[in-house]
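Undergrad:
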Amino acid sequence: MSGFVTLKTEGMSTEEAYRLIVGCVTPRPVAWITTQDESGRVNAAPFSSYNYVAHSPPMLAVNIGSRKGELKDTARNIVETREFVVNVATEATLELMHASGADYPPEIGEPETLGIELAPSTVVRPPRIPATPIQMECRLEHVLPLGRGLNTLYIGEVVAFHLSEAIFNGRHIDAVAMRPIARLGGPYYAGLGEIFHRPMLQAPPV
Ligand SMILES: Cc1cc2nc3c(=O)[nH]c(=O)nc-3n(C[C@H](O)[C@H](O)[C@H](O)COP(=O)(O)O)c2cc1C
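Letter by letter, the sequence shown follows residues 2 to 207 of this note's numbering.
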C-alpha cells in the first residue's frame with residue numbers, strides 16, 4: 002500500500018530494531034527502580050520497557066538490557082537480592098530521574114551522588130524515593146531471558162504500595178494530580194495531555 006514504509010525485521014541491525022521499537026511503543030511509563038547490592042549500597046535507575054502484567058497478585062515486569070555483555074547494576078542487584086522498588090517517575094522528578102540514567106560504575110550509588118532522598122521500605126530492604134507520589138515494593142518472581150540474549154524480563158510481585166495522600170483518596174489514584182512522565186522515542190519525554198472521559202464498558206476485574 003502506498004504511503005507506508007515497510008521494514009521486515011529479518012537481518013535488521015540491533016540498533017535499528019531498538020530505534021524502531023522504542024519509537025513505536027510510546028508513550029511508556031517510567032519505572033524509577035531502587036535496588037540494593039549485597040553490601041547495602043543503594044542504586045537508582047530509570048526503565049521504560051516496563052508495565053504491569055498481572056493484578057492477582059499485582060505484578061510488574063521490566064526489561065533490562067545488558068551493557069557490554071554484563072548485567073546492569075539494577076539487574077544484578079535484583080538477581081542477587083530478589084527485591085526492588087518501582088518509584089513512579091513524574092514531572093517533578095524528571096531531572097533527577099533522567100540524571101540517574103547515566104552510566105555510573107557499580108561502586109557509585111546514584112542516590113548518594115545525585116542527592117536523591119530515600120525513605121525506608123516496609124517489606125523489602127531497598128529504600129524508596131518519597132519525592133515520587135507512588136512507590137511499589139516488589140519481590141522477584143520470574144526471570145525470563147528473551148530473544149538473542151541482550152534482554153531479560155524481570156517480573157516482580159508488588160508486596161506493598163505506598164501512595165501519597167496528594168494523589169490517593171483511599172480508593173482512586175488521581176492521574177492528573179500525579180503528573181506522571183512518559184518516555185517517547187529518542188531524547189523526548191511527555192506529560193499528560195488532554196484527558197478523555199468515556200464510561201467503563203465492563204466491570205473492573207474482581
Ligand atoms: C527514561 C529512561 C528509560 C530507560 N529505560 C530502560 C529500559 O527499559 N531498559 C534498560 O535496560 N535500560 C533503560 N534505560 C537505561 C538505563 O537507565 C541505564 O542503562 C542505567 O545506567 C542503568 O543503571 P544501573 O547500571 O545503575 O542499573 C533507560 C534510561 C532512561 C533515561
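Using N, Cα and C, we set each Cβ at its ideal position, and we do this for glycine too.
Quick check: what's the CA-CA separation for P121 versus I130?
TA: 9 Å
Undergrad: Mind checking who T36 pairs with in its DSSP beta bridge?
TA: DSSP lists N44 as partners of T36.
Undergrad: Just to confirm before moving on: does the CB-CB distance between I168 and P134 stay below 9 Å?
TA: yes
Undergrad: Please report how far the alpha carbon of N170 lies from the alpha carbon of A46, in whole angstroms.
TA: 29 Å
Undergrad: Closer than 8 Å to a non-hydrogen atom of ligand 1 - does that hold for the CB of D38?
TA: no
Undergrad: Does the segment 31-45 come close enough to the segment 78-85 that 3 or more CB-CB pairs lie under 8 Å?
TA: yes
Undergrad: Using 9 Å as the threshold, is the C-beta distance between C139 and E118 below it?
TA: no
Undergrad: Using beta-carbon positions only, say whether P205 and S57 come within less than 9 Å of one another.
TA: no
Undergrad: Are P30 and S3 touching if we call contact CB-CB under 9 Å?
TA: It is not a contact, given that the beta carbons lie outside the stated cut-off.
Undergrad: Quick check on the DSSP output: what are the complete beta strand (DSSP E) runs of length 3 or more inside the segment 65-151, in order along the chain?
TA: 84-89, 135-147
Undergrad: With a cut-off of 8 Å on the beta carbons, I'd call L185 and T82 a contact; round off their distance for me.
TA: In fact, because the Cβ distance is near 32 Å, the residues do not count as touching under 8 Å.
Undergrad: Which of the three DSSP states is assigned to G157 in this structure?
TA: Three-state result, G157: strand.
Undergrad: So, with DSSP's three-state summary, where would you put M167?
TA: Looking at the sequence shown, residue 167 is not Met but Ala. Three-state result, A167: coil.
Undergrad: In terms of residue numbering, what span does the beta strand (DSSP E) encompassing V23 cover?
TA: Premise fails: V23 lies in the alpha helix (DSSP H), 15-25, not in any beta strand (DSSP E).
Undergrad: Of the choices P200, F197, H198, P188, whose alpha-carbon is the least far from that of G102?
TA: Nearest of P200, F197, H198, P188 to G102, Cα basis: P188.
Undergrad: Between which two residues does the beta strand (DSSP E) containing A55 stretch?
TA: 51-56
Undergrad: Are the CB atoms of V144 and T153 within a distance shorter than 9 Å?
TA: Closer than 9 Å, so yes.
Undergrad: Kindly indicate which residue of I22, P200, A178 has the alpha-carbon position closest to the one of G194.
TA: Comparing C-alpha distances from G194 to each of I22, P200, A178 shows the shortest one belongs to A178.
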